[in-house]
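**Student:**
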Amino acid sequence: MTTLTISDLVVEHRSPGRPVVRAVAGASLTVSPGEVVGLVGESGCGKSTLARAVCGLHPAAEGEITFGGRPVSPLGLRRRELTAIQMVFQDPYASLNPRRRVGDQIADGLRTAGDTTTAPADLLERVGLPREFAGRHPHEFSGGQRQRIAIARALAARPSLLIGDEPISALDASAQSQVARLMRDLAVDSGAGLLFISHDLSVVRLIADRIAVMYLGKIVEVGRTEEVWADPKHPYTRALLGAIPQPDGLGVLPAELPGDVPDPADPPHGCRFHPRCPLVMDVCRVKEPDFGPVACWLHAPE
Ligand code: SF4
Ligand code: MG
1 MTTLTISDLV
11 VEHRSPGRPV
21 VRAVAGASLT
31 VSPGEVVGLV
41 GESGCGKSTL
51 ARAVCGLHPA
61 AEGEITFGGR
71 PVSPLGLRRR
81 ELTAIQMVFQ
91 DPYASLNPRR
101 RVGDQIADGL
111 RTAGDTTTAP
121 ADLLERVGLP
131 REFAGRHPHE
141 FSGGQRQRIA
151 IARALAARPS
161 LLIGDEPISA
171 LDASAQSQVA
181 RLMRDLAVDS
191 GAGLLFISHD
201 LSVVRLIADR
211 IAVMYLGKIV
221 EVGRTEEVWA
231 DPKHPYTRAL
241 LGAIPQPDGL
251 GVLPAELPGD
261 VPDPADPPHG
271 CRFHPRCPLV
281 MDVCRVKEPD
291 FGPVACWLHA
301 PE
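Note that full-length UniProt numbering numbers the sequence shown so that position 57 is 57, with each residue one more than the last.
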């Protein structure tokens, strides 16, 4: 059983002459085999950085990431273990090589996994595309089809964990829920975990077993999808859910929530959400609610 465990993870961005940014500022999360966890939050909240750290692409400044009990780090993962975590990115145009036939690109993944019996066309079939697409080039396809191809390529490596970093945000509305459901079904069928990152709560609700809400580098609420949906506890989660019925389907903050996301290089003291929180109390300005599953002083554990 290959479980992903993220414990008190801190990931810093450093650039010369600029303040250190704690893009992930102490986050804990697990993804079990066959489980779908939706990670939601506004852009810039640290979701992608967390995903990249899980893939060993960013070192942890503090805390730990383990996968199947072994630490994940840029040096700690051997090649075979790296293929066990596969990522599907937002932009299928950028992630596929335009000059190579899609079948050859899928074949790369099969080779890495040492799979000599599966044909690239088999994987195209699994993602709902015709077998003969294997002989074509990426530019011949729509965004939704390209994302299916990217998913087929990820699956070729037989991952134990699939990560989608905003995999549907570049797609049109009809392709969005189809691709999201496809990722869910493929992950669950193969027993792989799926960490599905999105700012679109309405799609995450369709596919996730659990939802984790991230704000300014922190996970502020985690819970079973139906519970979070029926009874969101953190004021930020409530704000996000209040934003759901947008005509364009995007979960953006409602107008009544004041202010923008603060500068992650200079986060507010105490609760990071306090400058925007309609329920702010004195304690919130001085003391960070550093606990789960709801990191808010209104929901402190006994
Ligand atoms: Fe609002 Fe305080 Fe809860 Fe932060 S801790 S979300 S400021 S009530
Ligand atoms: Mg991102």
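From the three backbone atoms N, C-alpha and C, an ideal C-beta is built for every residue, glycine too.
I need the DSSP call for His58, collapsed to helix, strand or coil.
**Tutor:** Three-state result, His58: coil.
**Student:** What is the residue span of the alpha helix (DSSP H) that Gly143 lies within?
**Tutor:** First-last of the alpha helix (DSSP H) with Gly143: 143-156.
**Student:** Between Pro293 and the ligand SF4, is the CB less than 6 Å from at least one heavy atom?
**Tutor:** Outside the cutoff, so no.
**Student:** Should Val280 be listed as close to the ligand SF4, given that the test is whether its C-beta is under 6 Å from any heavy atom?
**Tutor:** Yes, Cβ of Val280 sits closer than 6 Å to a heavy atom of the ligand SF4.
**Student:** At which residue ranges does the segment 73-127 contain complete beta strand (DSSP E) runs of 3 or more residues, listed in the order of the chain?
**Tutor:** The segment 73-127 contains these whole beta strand (DSSP E) runs: 85-88.
**Student:** Run through the segment 153-189 for me and flag every whole beta strand (DSSP E) of 3 or more residues, listed as ranges in chain order.
**Tutor:** Those beta strand (DSSP E) runs which fall completely within the segment 153-189 and span 3+ residues are 161-165.
**Student:** When DSSP labels each residue in this structure, what does Ala208 get in the three-state scheme?
**Tutor:** Residue state, collapsed to three classes: coil.
**Student:** Under a three-way DSSP split, which group does His274 fall into?
**Tutor:** Reduced to three states, the DSSP call for His274 is helix.
**Student:** Is any beta-carbon of chain D found at less than 7 Å from that of Asp172?
**Tutor:** Of the protein chains in the structure, only one exists, and it is not chain D.
**Student:** Going by Cα to Cα distance, which pick from Gly270, Arg276, Cys271 is closest to Gly259?
**Tutor:** Of Gly270, Arg276, Cys271, the residue nearest in Cα terms is Arg276.
**Student:** Enumerate in chain order the residues of its own chain whose CB-to-CB distance from Ile149 is below 6 Å, with the five nearest sequence positions on each side excluded.
**Tutor:** The residues are Val102.
**Student:** Does the segment 153-172 come close enough to the segment 86-101 to have 3 or more Cβ pairs within less than 8 Å?
**Tutor:** The answer is yes - the segment 86-101 touches the segment 153-172, with three or more Cβ pairs under 8 Å.
**Student:** Could you pull out every residue in the same chain whose Cβ sits closer than 6 Å to the Cβ of Ser175, ignoring the five residues on either side in sequence?
**Tutor:** First, the amino acid is wrong: residue 175 is Ala here, not Ser. Cβ neighbours of Ala175 beyond the five flanking positions: Gly144.
**Student:** Whose CA, out of Leu129, Gly114, Ala134, lies closest to the CA of Pro120?
**Tutor:** If we check each option's Cα against that of Pro120, Ala134 comes out closest.
**Student:** Name the two residues that bound the continuous beta strand (DSSP E) containing Leu241.
**Tutor:** That residue, Leu241, is in no beta strand (DSSP E); its alpha helix (DSSP H) goes 235-242.
**Student:** My guess is that Leu161 and Ala192 are in contact by the Cβ rule of under 8 Å, so how many angstroms apart are they, rounded?
**Tutor:** 6 Å between Cβ atoms; contact.
**Student:** Would you say the beta carbon of Leu241 is closer than 6 Å to some non-hydrogen atom of the ligand SF4?
**Tutor:** No, the Cβ of Leu241 stays beyond 6 Å of every heavy atom of the ligand SF4.
**Student:** Let me check understanding here. Comparing Cα to Cα, which of Arg100, Arg181, Leu298 lies closest to Val127?
**Tutor:** If we check each option's Cα against that of Val127, Arg181 comes out closest.
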